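Numbered per the working numbering, the sequence shown finishes at 730, counting up by one with no gaps.
Virtual Cβ for every residue (Gly too), placed ideally from N, Cα, C.
Bear in mind the structure is a predicted one, so any value in this text is a computation, not a measurement.
Only one structure is covered here, and it is reproduced in the block below.
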Amino acid sequence: MKPVAGAQGKGIFLFRKLKHVQDWKKKDSSGSEALPYVVQSYIYNPYLFRPMNAWVHREGFARFSHSRYSTDSVDDAFVHLTNVAVAKTAADYDPERGLKWSLPKLFRFFRNMHGHLKVSKTMNDLAKVIIESLRSVQNLIIQDAHCFELYGYDILFDENLKPWLLEVNASPSLTASSQEDFELKYRVLNHMIDVLDIEKKLIGNENEIGGFDILVRNNKPVEICRMTRHNQPFFGASLNLRLGDYVEPVPMPSEEAPNVLLNHLDGLEEEEATLINDTQPVFVPGSSKRLTEYLLTKHNLDAPPDGLLYVEYELELVHILGIDELKQTMTVLIYVDEHWIDPSLTWDPALFGGITKTWVPLDKIWVPDIIVFNMVKSNRLAHEDLLSAVRAPARIYSNGTVVASHPAVHTVSCEINIRHFPLDDQRCAIEIASWAYGHEKIRLHAHTDHSLEHYKRNEEWHLLNLNVTEEKYEHEGIEVSEVKFEISVKRRPLFYMVTLTFPSYIMCAISVVGLFARFSTTGEREERFTLGVTAILTMAVLSLVVSEKVPHSSTHVPLLVAYFLFNMVIVSIAAMTTGIVMKVHRLGRYGDEPHEFWMKLFFLKPIFRSSNRRKYKMNPEEPTQVILVSESKNGEVMTKKTCELNGAIVKETVLTARLEALEEYIRKMIHRCESIKWELDEIDASENIELVRRKSTNGYVRLSERLDIVFMFFFLSTVTIPVAVLFYLS
1 MKPVAGAQGK GIFLFRKLKH VQDWKKKDSS GSEALPYVVQ SYIYNPYLFR PMNAWVHREG
61 FARFSHSRYS TDSVDDAFVH LTNVAVAKTA ADYDPERGLK WSLPKLFRFF RNMHGHLKVS
121 KTMNDLAKVI IESLRSVQNL IIQDAHCFEL YGYDILFDEN LKPWLLEVNA SPSLTASSQE
181 DFELKYRVLN HMIDVLDIEK KLIGNENEIG GFDILVRNNK PVEICRMTRH NQPFFGASLN
241 LRLGDYVEPV PMPSEEAPNV LLNHLDGLEE EEATLINDTQ PVFVPGSSKR LTEYLLTKHN
301 LDAPPDGLLY VEYELELVHI LGIDELKQTM TVLIYVDEHW IDPSLTWDPA LFGGITKTWV
361 PLDKIWVPDI IVFNMVKSNR LAHEDLLSAV RAPARIYSNG TVVASHPAVH TVSCEINIRH
421 FPLDDQRCAI EIASWAYGHE KIRLHAHTDH SLEHYKRNEE WHLLNLNVTE EKYEHEGIEV
481 SEVKFEISVK RRPLFYMVTL TFPSYIMCAI SVVGLFARFS TTGEREERFT LGVTAILTMA
541 VLSLVVSEKV PHSSTHVPLL VAYFLFNMVI VSIAAMTTGI VMKVHRLGRY GDEPHEFWMK
601 LFFLKPIFRS SNRRKYKMNP EEPTQVILVS ESKNGEVMTK KTCELNGAIV KETVLTARLE
661 ALEEYIRKMI HRCESIKWEL DEIDASENIE LVRRKSTNGY VRLSERLDIV FMFFFLSTVT
721 IPVAVLFYLS
């Protein structure tokens, strides 16, 4: 609330609730005439003026732990801490050597190990960490009574060169423990006084003062892009923290560049020509065309960049098209990105309308001759032909970074190990190297982190791992830098298990059951051998099918072929065992009995029989009777009965009877003969039943039956266990 006639802030007050206005009215009731007041809503978002400038010094120290790093012990401070005060307490501490590197030395080591682009991105991330940390405490910093503060940052790099902020020292130690430490801190303090500009000698828009580089000016991140006094860009990268983007390192153009550019600016209007001295990029029509002409004018297509060239090679696996075991090759679809820096392709974006990247056909610039050394065949894709139709341009950034991307289908030679087929793992490598340039000219560096974002799974092969190694390879007397991408895959064995392994097991199991199961009442089963031979032939055919799939190697036998051979041997042994069982069974047909030991060995009880059958045997001393019947004329029948013994007549009797009586006698004799025949038939039937019973209870017969059961379960187990193990492993 503000009084209408008030001035110089008199009578103005703030309130949160209407109750506060009532309280004020009671206190102000002095009896004088009430003055009108103006009530206005509070503005919650006023513009805050917090000018913060942040500078970072190029120099610093990289500290190392005193002992080799290990996670076995968390109590060893010499392993996990890099503080010099801690390292000095070690018994073997050497003050001459120390545990420090200079920051430029550390950056050179990183560039040699991981490549320029990787280190540039890491240093760019480091600058982001510094700025974001300052932003987080900005409100606290401006409340301090001092006009500046000097902070010391402790940063830890992990194995991927990612910076981790450990702490920020608000009062870093300025005591010197060594001569190098003294010189570094002296330069920091000296340059810090220069940044403060106590004598007001600076203009105020400097990007570099002594060893300090500007990071934040007036609370806004500054995009810096320049070279240091040692021709090394600050942190190896430019900063575009306002948008959070990563910009490739941009070196300064050569001194001749402005003069060359002036030739291309002839004929432009005066306001367009002022672009040379303008610090803010302005779009100028025709800049892209002029930039391309400028680059092609100063670039030599046949001349590689001077000095050692680092080539970043990134390979993205898209699809495994197949592996030919017979030809021992692997065919893959890949996306390839190649990065290198060519100083002859640099420009100042401010001179070309703010253009920071452009596209130039590959056949217009120098390209390293990087090929696949173990390539058998290379196919061009349909969309790759389309890219060729539009000249497949390369991306070129203003710092001279060239990015060439293309898809490819490569068939590479691959040593196939068939020992565990179809449960095999294969490793195939794609060997990348330069054909003509040696290690002293071109060094390849590959990314260890591989993106599988576009990878499409293969129906037969499962991708296990994609590993990359950097090696040196001697080619025609030239030692070249080689990058080897090793692809590890595992076969999906379901197809072979269902179409080959399982049918083979079914055939073997049926053969074993047919060889030893009793399906015949007579016991004669000669068809057993036929069944066994048929099963063996089936195994041989399946083995031939597999042999056409795998390489013809005499070093190893494939696991699936070994399984078929095992089944052939088992069925062959089973068929031969059947012959032994049949021999034992045949012994029982003649009434022989085995030894009691064999019966007990197979848990059989012997059967002891007593025969009550009467045996009739003719007595050779008993005479034979011969009856001769003749008919007389008067109707009488004369019967002559003769008893013979050893061919001599012992007794002869002649009887005479009537014919009717004789007929009656013959009828009785015929009836008796029929009765005797019936009794004999009955005796034969009972003897046959007894014979069958005797055969079924014969020791050899029972022993053969028991052998059939034992061998059937034994061979069934023998053929079942391997296939169960194969299915378990698959």
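Query                                                                                                                             : Result
The segment 487–494 touching the segment 438–446, judged by at least three CB pairs closer than 8 Å                               : no
Continuous alpha helix (DSSP H) stretch holding Ile570: start and end                                                             : Leu559 to Leu587
Nonlocal neighbours in the same chain, by C-beta distance under 7 Å from Pro722, ignoring five residues either side               : Tyr563 and Phe566
Phe485 - containing alpha helix (DSSP H), residue span                                                                            : Careful: Phe485 lies outside any alpha helix (DSSP H), inside the beta strand (DSSP E) at Ile478 to Arg491.
Contacts around Leu301, its chain only, beta-carbon distance under 7 Å, and the 5 residues preceding and following it disregarded : Lys364, Ile365 and Trp366
Three-pair Cβ contact test at 8 Å for the segment 335–353 versus the segment 476–488                                              : no
Beta strand (DSSP E) segment containing Thr331, residue limits                                                                    : Thr329 to Ile341
Three-state secondary structure (DSSP) of Thr530                                                                                  : helix
Whole-angstrom distance between Leu35 and Leu14, CA atom to CA atom                                                               : 17 Å
Cβ neighbours of Trp101 in the same chain (closer than 6 Å, five flanking residues each side left out)                            : Ala62
From Ala85, Leu161, Leu150 and Lys88, residue whose alpha carbon lies closest to that of Thr122                                   : Leu161
8 Å contact criterion, which Val311 and Pro368 should meet: CB distance rounded                                                   : 6 Å
Beta strand (DSSP E) segment containing Leu165, residue limits                                                                    : Pro163 to Asn169
Separation of Phe352 from Asn277, as counted between CA atoms                                                                     : Any answer about Asn277 is weak, because its pLDDT of 37 lies below 50 and its placement is not dependable; what the coordinates show is given next. The straight-line gap from Cα to Cα measures roughly 12 Å.
Runs of beta strand (DSSP E) wholly within the segment 94–164 (minimum 3 residues, chain order)                                   : 100–102 and 152–157
Ala446 versus Arg457: straight-line alpha-carbon distance, rounded                                                                : 24 Å
Straight-line gap, Val545 to Met576 (C-alpha atoms, nearest Å)                                                                    : 27 Å
For Val84, the residue or residues it bridges with in DSSP                                                                        : Beta-bridge pairing links Val84 to no other residue.
Pro343 vs Pro305 beta-carbon contact at 8 Å                                                                                       : yes
Residue environment, Gly477, which counts as buried when at least 16 other CB atoms sit within 10 Å                               : exposed
Selected residue, minimal CA-CA separation from Arg58, among Lys105, Lys17 and Lys289                                             : Lys105
Check whether Met497 and Ser730 have beta carbons under 8 Å apart                                                                 : yes
Cβ-Cβ distance between His454 and Glu338 below 8 Å                                                                                : no
Integer Cβ distance of Ser547 from Val561, believed to fall under 8 Å                                                             : 6 Å
Under 8 Å between C-beta atoms of Ser504 and Ile536                                                                               : no
Exposure label - Trp164; buried when at least 16 CB within 10 Å                                                                   : exposed
Candidates Phe421, Val409 and Arg217, of which the one nearest Ile430 by Cα                                                       : Val409
Spatial distance of Val402 from Ile341 (CA atoms)                                                                                 : 6 Å
CA-to-CA distance, Lys201 to Ile209, given in whole angstroms                                                                     : 12 Å
Cβ pair Ser398, Thr356 closer than 8 Å                                                                                            : yes
Inter-stretch contact (C-beta, 8 Å, three-pair minimum) for the segment 469–476 and the segment 508–518                           : no
C-beta atoms of Val222 and Asn207 nearer than 8 Å                                                                                 : yes
Neighbour-count burial assignment, His20, 16 or more Cβ in a 10 Å radius                                                          : exposed
Of the listed residues Ser481, Asn124 and Glu159, nearest to Tyr437 (C-alpha basis)                                               : Ser481
Proximity winner among Ile676, Val168 and Ile683, relative to Leu156 (alpha-carbon distances)                                     : Val168
Those residues which DSSP pairs with Ser434 across a bridge                                                                       : Ile370
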